[in-house]
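In order, the protein sequence lines correspond to chains A and B. No gaps in the numbering here: position 175 of the first sequence is 175 in the numbering used here, and each next residue is one more. No gaps in the numbering here: position 18 of the second sequence is 1018 in the numbering used here, and each next residue is one more. Cβ atoms here follow ideal geometry from the backbone N, Cα and C, with glycine treated the same way.
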Amino acid sequence: MKLIFSKGKIVQKDADIKQVIDDLRESRDLIGSYSSDDLIEFFDKAAESWTKDKELLKIFGGGLKHLADFIKKDNTVRMLDFALRGNHKVLDGFVDFNQPGYTYMCQPRGLVVHWLAGNVPLLGFYSIIQAALTKNVSLVKASNRAYEDLVKLLGSLNSIETKISGKKLLQTICVVLVDRDDKKTQTIMSEAADVRIAWGGPEAIEAITSLKKSIFCDDIIYGPKYSYGIVDKAADQAKVAKRLAFDICTFDQYACSSPHTIFVQGNSIAFAENLAKQLDFVTKKFLPKEDRDAQKNLDILTQRAKYSMTGKVFSSKNTDWTVIHTDEEGLADACFSRVVFIKPIKDFKELSSYSTRKIQTLGVAISGEREKIISKLTRNGIDRCPKYGEMTLFESPWDGFFAIDRLVRWVGLCKDD
Amino acid sequence: MKSDELLEREPYDLDEKEKQAVYAPALKESFGFHYNNCPQFKSFVDSQGFDMKSDYALEDMPYLPIGIFKEVELVTGSKDLIKTMIKSSATTSGKPSMIPLDDITAKRQQVALRKIMSSYMGTDRMLFIVLDARSTASKQGIKTSSRASAIRGLSQFAKSMKFILDDDLKLDVDEFKKAVAGIENDQKICIFGFTWLIYKVFLGLQKDKAAMDMFTSAFTHTENIVLHIGGWKKLKDIAVEKEQFNKEIGSLCNSDHIIDFYGMTEQLGTVYPDCKEGYKHVPLYSDLIIRDPATLEPLGIKKAGLMQLSTPIPNSYPGINLLTEDIGEIRGIDDCKCGRRGKYFLFRKRSEKAPIKGCGDTL
């Protein structure tokens, strides 16, 4: 086990995980002493600083801008209020919600242990900040492949000074690297957790959830999920294609909210063609593809070859992006790496049989009986239905629940007679 | 057809320039044949925007990724002419490749295999001790496993074949004793099997000293050949490298002539055995291009990348130009010390599937 970020400093040293956990627990009083408004102000200042930091913007691109929007004051206040029964001050003391007999306060759960997914370090940041806003301390198990950017971004908080000192706040967050086979250390982390947050694909999630934990520990699982979209005849399909291209290129489709299949009413071939142009544009101008391993290239070539025999394929000369038009029914198996399937459809209600808890985000560009259709489609699954261009933008609730609410304990105090 | 003319020649006699003069027209003829007789292949080629009438270089010819045979059943010409359906072992993806063979393809494959292997094993037929079960090789209906197909293909080099494993793929001591009892004094034999299976037997023998002694004492001729095929994936999983395999299996079979031959179900017949220098040679009947795993652009010699193998041999399916999942490296052309001409290469490894990187999932 390697400690890579501790007390605001980037380090690289072997450490005793039990000691790391004890140190974090000791810092609970520190974060508990901040008011929620002071924490909100702190992150608002961090957002302002990030959007001016050219180096960080270069590393994280548009993802950082969204993270900054997420932690801006107006958003965090709205998000906390929405999740906490309308009043975030409940994090600081007892609030009268006009319930008979009791006032209520939200206490932090304590130690939140985060397991972050592969190469999407920014996603993990959303859970780290939510844990801090609710006055929890965080132990973060980063991915071996993507920790440098994460600790760089965390380190940038050192220079933020509001009523809260960034240096001090960072005493409540530690980042470690643990070998995937090091079950012993992971079990210690899991058993110490008051909340476990896991981001990742099926193997990672299964490995984490199979670890021993306290019976009072709550789990917040982000992923493994699949997302798709619908576009009706009345939609401005050119505009949709333009925005959808960003949804596909962001995270190279490896996020749970990335779309893999789009059902299109009307001229679906023209939509596919249009999307191909937009993918080419976005790839060249904004988000060049980084995912280029041999097996993935072979997967892409196999999909292209298969569907060139049965459907129509629009693709870049290399393996940068692929649009496959096919009449095959149902959701296409995700290939990832900017491969999207366009399927013609007459009635969106046909899709309700594919709605399961595995489906997370449904991109929506429909009018008419909008709410009726979505109500039917989301009955057995699908947790959010954003517009195109915003599919991968993290928000609360996510995956069907308010993480904020799971990061606190509600304490009732009888009213003074 | 030009591919049949190609097969009349010896596999390693021409230098690369001479080879290309006869190989390229044969491959192009085969390409045109499949384009005209396999509608799916035609759709694929057309989707690449490829002009069949252009004067193209072989490296620009559209190639299929090898995984396509796991996804689509591709037949060139009439399905009625298909006599055998070869099914691969589905090691990596869980899905087998399905390769339809007609008589023409099967015959060409046999010729290619005979000519290539004769260059390594000589033309004298040998007793084959096969580390597999007899039932593996027996034909059941039209579908045949690639293991069965390899065993049957090699039977043309065998005076007789003795199978020494039971149906659970464990050493059948009785069959083994019967097999070795038939070995005459100083008779050179060939011990043949799939790489992982040979090693599995070896691991079993290590736990049973009596059986190990029985096995090693049975092979006394110092020129015995150990011939193995089937890839290294299972052995890599248990961290066994080629050097270790050769040492342990060489000692088990009293042989320092161990031939690992690379081949694939999708292009049976054209196989790539190790020469004495440790290299694999590209015969006249096929060609190898190495592509950059990231950009898929062709690479020059001594650069490792994805192996693309072409051959004009297939008649009943369009597997004439395939990008494999394997990483290899052309080490030289026309100048191997073993005397064989043409390109020679090293097989490095099967490319590895990267784990899913985010919180997204397949269905």
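Next on the checklist: Within 9 Å of any Cβ in chain A, is that where the Cβ of C1359 (chain B) sits?
Outcome noted: C1359 (chain B) belongs to the set of residues whose beta carbon lies under 9 Å from a beta carbon in chain A.
Next on the checklist: As a quick exercise: from B:K1070, B:L1169, B:R1125 and B:S1286, pick the residue whose alpha carbon is nearest that of L1027 (chain B).
Outcome noted: Checking every option, the nearest Cα to that of L1027 (chain B) belongs to B:S1286.
Checklist entry - Going by other Cβ atoms of all chains shown within 10 Å of its Cβ, with 16 needed for buried, is W410 (chain A) buried or exposed? => result Exposed, by the Cβ-count rule.
Item to check | chain A contact for Q1267 (chain B) (CB, 9 Å cutoff) | outcome: So no, Q1267 (chain B) is outside the interface.
Item to check | Endpoints, the beta strand (DSSP E) within which Y307 (chain A) is located | outcome: DSSP places Y307 (chain A) in no beta strand (DSSP E) but in the uninterrupted alpha helix (DSSP H) bounded by A294 to T310.
Checklist entry - Closest by CA to D219 (chain A), which one among A:P100, A:Y34, A:I205 and A:V231? => result That would be A:I205, whose Cα lies nearest to the Cα of D219 (chain A).
Item to check | W1196 (chain B) - DSSP class collapsed to helix/strand/coil | outcome: Taken through DSSP and simplified to helix, strand or coil, W1196 (chain B) comes out as helix.
Next on the checklist: For a contact defined as C-beta to C-beta under 9 Å, what are the partners of K1087 (chain B) on chain A?
Outcome noted: Proximity of chain A to K1087 (chain B) at the Cβ level (cut-off 9 Å) is not reached, the minimal Cβ distance being about 18 Å.
Checklist entry - Who are the neighbours of L1127 (chain B) on chain A, taking C-beta pairs under 8 Å? => result Simply none; closest approach about 41 Å.
Item to check | Three-state class that DSSP yields for P202 (chain A) in the structure shown | outcome: Helix at P202 (chain A).
Item to check | I21 (chain A): first and last residue of the uninterrupted alpha helix (DSSP H) it sits in | outcome: I21 (chain A) -> alpha helix (DSSP H) spans I17 to E26.
Checklist entry - Mapping DSSP to helix, strand and coil, what is C249 (chain A)? => result Shown here, C249 (chain A) sits in a helix according to DSSP, grouped into three states.
Next on the checklist: Against chain B, with Cβ distances strictly below 9 Å, would N380 (chain A) count as a contact?
Outcome noted: Taking 9 Å as the threshold, the shortest C-beta distance from N380 (chain A) to chain B does not fall below it.
Next on the checklist: Between Y126 (chain A) and chain B, is the shortest Cβ-Cβ distance under 9 Å, so that the two count as touching?
Outcome noted: Residue contact check for Y126 (chain A) against chain B: no CB pair falls below 9 Å.
Next on the checklist: Please list, in chain order, the chain A residues whose beta carbon lies closer than 9 Å to that of I1290 (chain B).
Outcome noted: Here the premise fails: no neighbours, minimum Cβ distance about 12 Å.
Checklist entry - With distances taken from CA atoms, which of B:K1159, B:H1034 and B:E1243 is nearest L1127 (chain B)? => result Out of B:K1159, B:H1034 and B:E1243, B:K1159 has the C-alpha closest to the C-alpha of L1127 (chain B).
Checklist entry - Quick one: is F1050 (chain B) near chain A, going by C-beta distance under 9 Å? => result F1050 (chain B) has a beta carbon lying at 9 Å or more from every beta carbon in chain A.
Next on the checklist: Starting from M391 (chain A), trace the beta strand (DSSP E) in both directions and tell me its first and last residue.
Outcome noted: Per DSSP, M391 (chain A) lies in no beta strand (DSSP E) and is assigned neither H nor E.
Next on the checklist: Between the alpha carbons of L955 (chain B) and I1229 (chain B), how many angstroms are there, rounded?
Outcome noted: This structure leaves residue 955 (chain B) out entirely; chain B is present only between 1001 and 1363.
Checklist entry - Is the beta carbon of Y1317 (chain B) within less than 8 Å of some heavy atom of the ligand SAH? => result No copy of the ligand SAH appears in this structure; indeed no ligand is present at all.
Checklist entry - Along the segment 1049–1077 of chain B, what residues have a CB closer than 7 Å to any CB found in chain A? => result Listed by position along the chain: L1064, P1065, G1067, I1068, E1071 and V1072.
Checklist entry - Taking buried to mean at least 16 other C-beta atoms within 10 Å of its own C-beta, is L413 (chain A) buried or exposed? => result In summary, L413 (chain A) is exposed, with fewer than 16 beta-carbon neighbours lying within 10 Å of its beta-carbon over all protein chains present.
Checklist entry - Between which two residues does the beta strand (DSSP E) carrying R1348 (chain B) extend? => result Boundaries of the beta strand (DSSP E) around R1348 (chain B): K1343 to R1350.
Checklist entry - When the distance is taken between beta carbons, is L133 (chain A) closer than 9 Å to L170 (chain A)? => result Their beta carbons are not under 9 Å apart, which means L170 (chain A) does not touch L133 (chain A) by this criterion.
Checklist entry - Between which two residues does the alpha helix (DSSP H) carrying T1084 (chain B) extend? => result Going by DSSP, T1084 (chain B) is part of no alpha helix (DSSP H) but of the beta strand (DSSP E) stretching over T1084 to K1087.
Checklist entry - Expressed to the nearest angstrom, what Euclidean distance is found between the alpha-carbon atoms of K289 (chain A) and I1327 (chain B)? => result Distance between the alpha carbons of K289 (chain A) and I1327 (chain B) is about 23 Å.
Next on the checklist: So that I know if they touch, is there some Cβ in chain B lying closer than 9 Å to that of V178 (chain A)?
Outcome noted: Using beta-carbon distances, V178 (chain A) does not count as an interface residue toward chain B, since no partner is under 9 Å.
Next on the checklist: Using C-beta distances below 6 Å, list every residue in its chain close to A198 (chain A), excluding the 5 sequence neighbours before and after it, in chain order.
Outcome noted: Within the same chain, A198 (chain A) has close Cβ partners W115, I205, I208 and I221.
Checklist entry - Shorter than 9 Å from the beta carbon of D1046 (chain B) to some beta carbon of chain A? => result Chain A, which has a Cβ nearer than 9 Å to the Cβ of D1046 (chain B), makes this yes.
Checklist entry - In chain order, what residues of the same chain lie with their CB nearer than 7 Å to the CB of R1152 (chain B), ignoring the 5 residues before and after it? => result Within the same chain, R1152 (chain B) has close Cβ partners A1137.
Item to check | Spatial distance of Y1272 (chain B) from M1085 (chain B) (CA atoms) | outcome: About 23 Å.
Checklist entry - Under 8 Å Cβ-Cβ, which residues of chain A neighbour Q1308 (chain B)? => result Within 8 Å Cβ-Cβ: nothing; Q1308 (chain B) doesn't reach chain A, min ~11 Å.
Next on the checklist: Using a 10 Å radius around the Cβ and a threshold of 16 neighbouring Cβ atoms, would you call N98 (chain A) buried or exposed?
Outcome noted: In the assembly as shown, N98 (chain A) is an exposed residue. Its beta-carbon has fewer than 16 other beta-carbons within 10 Å.
Next on the checklist: Alpha carbons only, please: which of A:L24, A:W398, A:P344 and A:R243 is nearest the one belonging to Y388 (chain A)?
Outcome noted: In terms of CA proximity to Y388 (chain A), A:R243 leads the group A:L24, A:W398, A:P344 and A:R243.
Next on the checklist: Using only CA atoms, which one of A:A193, A:R338, A:E203 and A:E390 lies nearest to K212 (chain A)?
Outcome noted: When A:A193, A:R338, A:E203 and A:E390 are compared, the shortest CA-CA separation from K212 (chain A) is found for A:A193.
Item to check | Interface residues of chain B facing Q295 (chain A) [CB-CB closer than 8 Å] | outcome: Within 8 Å Cβ-Cβ: E1325, S1351, E1352, K1353 and A1354.
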